[in-house]
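Okay, so here's the structure we're looking at.
Numbering (this note's numbering), first residue to last: 7 to 229.
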């Protein structure tokens with residue numbers, strides 16, 4: 007029976023196998039992302055913040071802004087829209103120029119997920135920054151808009167946000183331009199799980215040695 011089965015088996019032509027492999031490789035290559043500086047050849051230099059160098063470039067095109075850092079361990083690309091606090095962060099291999107890590111920032115704090123890939127573009131690590139934040143970024147934006155009439159999604163309105171964690175508790179540190187003095191910033195500490203405002207204070211942009219978060223911790227110790 008085994009001989010009959012062997013005789014009845016159809017042999018797949020090697021040309022079809024090669025064609026199938028070529029298609030699979032093509033699909034794989036299409037989904038893999040590479041860094042190519044030529045992609046930005048029609049972008050302008052953006053010297054709004056600092057001067058571009060060979061190791062660090064600031065470019066702009068329309069409403070888009072990009073920062074490219076050529077580092078010893080890879081190439082970092084930070085892409086955002088003008089007046090937006092959201093940044094897409096991409097990291098590429100120096101040798102292969104292949105995308106090896108990507109994630110998102112909101113005012114410099116990691117949000118959503120950061121994903122790391124191997125050279126075959128398989129996920130090797132995934133960090134979820136939302137696990138400890140039941141009160142989401144969108145929730146926070148709505149809270150500040152309703153209570154303080156400031157849109158955190160527009161950096162021109164002078165607000166900023168920093169995520170912080172202490173003793174297993176997640177926080178949002180929100181800074182808003184004070185209406186009282188030009189260099190004064192109002193500080194609002196928000197619970198990252200419940201969205202409750204825990205503490206209010208202020209500080210000055212020039213710095214007076216006062217740390218509002220340390221103030222909050224001091225109030226807890228004095229209870």
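Cβ coordinates follow ideal geometry from the N, Cα and C atoms, glycine included.
- Taking C-beta atoms as the reference points, residue 65 and residue 92 fail to come closer than 9 Å.
- In the three-state reduction of the DSSP assignment, residue 115 falls in the strand class.
- In the structure shown, the three-state DSSP call for residue 149 is helix.
- In the displayed model, residue 223 falls within a helix according to three-state DSSP.
- Counting only the Cα atoms, residue 166 lies some 12 Å from residue 211.
- Closest in C-alpha terms to residue 185, from the list 155, 81 and 160, comes 155.
- By a beta-carbon distance limit of 8 Å, residue 182 contacts residue 192. Their separation comes to about 5 Å.
- Counting along the chain, the unbroken beta strand (DSSP E) around residue 63 starts and ends at 62-67.
- In the three-state reduction of the DSSP assignment, residue 40 falls in the strand class, which pools E and B.
- Assigned with DSSP and collapsed to three states, residue 131 falls in strand.
- Residue 125 is positioned such that its CB atom lies closer than 9 Å to that of residue 106.
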